[in-house]
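Residue numbers (my numbering): 805 to 1019.
Please read the structure below before turning to the comments.
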Ligand SMILES: N[C@@H](CCC(=O)N[C@@H](CS)C(=O)NCC(=O)O)C(=O)O
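Put into structure tokens, the structure is as follows:
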């Protein structure tokens, strides 16, 4: 038994859940998992039993309740300083926080038109000029960060910034988006992380289908 529970939505569809789960898992946080399927009768009431915002993910740790993926990431970074969830140097840390916040609050066209759907293959669907423009900005962030870090990840080792973009890598595959070599290679790095592969395997095993996200 642990005193920590991470409550998630469907692994196939919930990009916010994936981000928080990756960060908790990478930090070595021991937690129990509860998955609440979205868009079923009773979903809202079930979520409200854990999360005052009515949204997932939410982390329950001892007496502390942390909802919202980015707040969970920050909380876990404070609890596990040795996990290096933010870069050690202040300028890189500020940069990492800026790109993580940009992902958290932005790219609405990409999020709306290409919802995460790990198990499906929907090449060509969802693309609009606005979506392409979001993808161009995201891949420019990836290119610039990796160029200056010189590593596989955005800031050297895996950080919260990488977790924030992991669902984008999955979307690019689902919707068959054409990528340059650099973006392709970063998407591969994210998708090949053992923890990402574990999430994908569990997403593929889920029984729930949400027709709105299946076109
Ligand atoms: N800003 C929030 C967004 C969370 C969010 O929108 N979660 C969705 C699932 S991915 C949700 O719980 N929706 C509730 C529902 O559809 O009933 C975060 O970063 O955690």
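Backbone N, C-alpha and C fix where the C-beta goes; we use that ideal spot for every residue, glycine too.
These numbers come from a predicted model, not from an experiment.
Just confirm the distance between the C-beta atoms of residue i and residue j, as a whole number of angstroms; I'd bet it's less than 8 Å.
{"i": "residue 761", "j": "residue 972", "result": "Because the chain is modelled from 805 through 1019, residue 761 falls outside the range shown and cannot be assessed."}
{"i": "residue 943", "j": "residue 914", "result": "In fact, because the Cβ distance is near 11 Å, the residues do not count as touching under 8 Å."}
{"i": "residue 908", "j": "residue 968", "result": "6 Å"}
{"i": "residue 1010", "j": "residue 816", "result": "5 Å"}
{"i": "residue 987", "j": "residue 946", "result": "6 Å"}
{"i": "residue 868", "j": "residue 876", "result": "Going by Cβ atoms, the distance from residue 868 to residue 876 rounds to 11 Å, so no, they are not a contact pair."}
Which two residues bound the contiguous beta strand (DSSP E) that contains residue i?
{"i": "residue 1012", "result": "No beta strand (DSSP E) holds residue 1012; DSSP gives it neither H nor E."}
{"i": "residue 811", "result": "808-813"}
{"i": "residue 922", "result": "Taken as a continuous stretch (DSSP letters only), residue 922 belongs to no beta strand (DSSP E), as it is neither H nor E."}
{"i": "residue 963", "result": "It is not in any beta strand (DSSP E) - residue 963 carries neither H nor E in the DSSP assignment."}
{"i": "residue 837", "result": "836-840"}
Nearest-angstrom Cα distance between residue i and residue j?
{"i": "residue 874", "j": "residue 928", "result": "30 Å"}
{"i": "residue 911", "j": "residue 919", "result": "12 Å"}
{"i": "residue 1019", "j": "residue 923", "result": "14 Å"}
{"i": "residue 1015", "j": "residue 921", "result": "11 Å"}
{"i": "residue 833", "j": "residue 880", "result": "8 Å"}
{"i": "residue 941", "j": "residue 1005", "result": "29 Å"}
{"i": "residue 842", "j": "residue 991", "result": "27 Å"}
{"i": "residue 847", "j": "residue 951", "result": "43 Å"}
{"i": "residue 831", "j": "residue 926", "result": "33 Å"}
{"i": "residue 980", "j": "residue 935", "result": "13 Å"}
{"i": "residue 970", "j": "residue 824", "result": "11 Å"}
{"i": "residue 809", "j": "residue 864", "result": "5 Å"}
{"i": "residue 895", "j": "residue 862", "result": "29 Å"}
{"i": "residue 887", "j": "residue 963", "result": "9 Å"}
{"i": "residue 1007", "j": "residue 948", "result": "31 Å"}
Taking only heavy atoms of ligand 1 into account, decide whether any of them is closer than 7 Å to the Cβ of residue i.
{"i": "residue 841", "result": "no"}
{"i": "residue 847", "result": "yes"}
{"i": "residue 859", "result": "yes"}
{"i": "residue 872", "result": "yes"}
{"i": "residue 908", "result": "yes"}
{"i": "residue 1014", "result": "no"}
{"i": "residue 965", "result": "no"}
{"i": "residue 925", "result": "no"}
{"i": "residue 820", "result": "yes"}
{"i": "residue 939", "result": "no"}
{"i": "residue 851", "result": "yes"}
{"i": "residue 813", "result": "yes"}
Could you check where the alpha helix (DSSP H) with residue i kicks off and where it finishes?
{"i": "residue 820", "result": "819-831"}
{"i": "residue 946", "result": "933-953"}
{"i": "residue 880", "result": "873-883"}
{"i": "residue 906", "result": "894-909"}
{"i": "residue 993", "result": "985-995"}
Please confirm whether residue i has its beta-carbon closer than 8 Å to some beta-carbon of chain C.
{"i": "residue 884", "result": "Considering every chain present, this structure includes no chain C. It has just one protein chain."}
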